[in-house]
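Q: In my numbering, the protein residues as written are 213 to 405.
1. Is the CB-CB distance between residue 279 and residue 286 below 8 Å?
2. For the candidate residues 397, 391, 398, whose alpha-carbon lies nearest to that of residue 405?
3. Give the secondary structure of residue 270 by DSSP, where H, G and I count as helix, E and B as strand, and everything else as coil.
4. Would you check if the region 318–334 and the region 289–306 touch, i.e. whether three or more CB-CB distances between them fall below 8 Å?
5. Under 8 Å, do residue 249 and residue 345 count as touching if we go by C-beta distance?
6. Going by DSSP, what residue range makes up the alpha helix (DSSP H) through residue 339?
7. Excluding the five sequence neighbours on either side, which residues of its own chain have a C-beta within less than 8 Å of the C-beta of residue 282, listed in chain order?
8. Let's test the definition: count the other Cβ atoms within 10 Å of the Cβ of residue 323 and tell me whether it reaches 16, buried, or not, exposed.
9. Out of curiosity, what's the CA-to-CA distance linking residue 335 and residue 245?
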């Protein structure tokens, strides 16, 4: 009897889920940030701002130019998102929305009223400073989803072996020294730890 009830519960759950719900669950929690050919994952919080950002990223990656501010890189997202500002002390790796249309990615701490977007996964403070190009200006940053948003449209085997072993970011940029993240190598996805 217990097995039958368990089976019916699974069937009912599967029947109630729509493709849109499944797609939202698989794309809502992660975003990828690419800077200088290196890609890092970020875990997103669940709020209206991130839902709007994910909806925009489902159409295409967003590339923006950010500048250093002695504790973060920040700049215009090129669009306004819903705000749910709260007074907080942002920590290294935090990604927030400022004034509804500016994105800030922190490599040090700062207290202000922000809308939380997410946090970069698994980098130390010094690794964050390097990845975010702390101290530089005009930093090109690409935001994309882990659900296959990529500049790589297809993979064609090369008859010569000179391309074998090359590593590419999800945006199709060749990477010589990959850091943590997902990359394409020999036509397959690879996760570097």
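Quick reminder that beta carbons are idealized off the backbone N, C-alpha and C, glycines included.
A: In short, the structure shows the following:
1. In this structure, residue 286 lies closer than 8 Å to residue 279 by Cβ.
2. Checking every option, the nearest Cα to that of residue 405 belongs to 391.
3. In this structure, DSSP gives residue 270 a helical state, which the three-state scheme calls helix.
4. Contact between the region 289–306 and the region 318–334 is established, with three or more Cβ pairs separated by less than 8 Å.
5. Between residue 249 and residue 345, the C-beta spacing is not below 8 Å.
6. Where residue 339 is concerned, the enclosing alpha helix (DSSP H) stretches over 337–343.
7. Within the same chain, Cβ atoms closer than 8 Å to the Cβ of residue 282 are found at 320, the five residues on either side in sequence being excluded.
8. Label assigned to residue 323: exposed.
9. CA-to-CA, the gap between residue 335 and residue 245 works out to about 13 Å.
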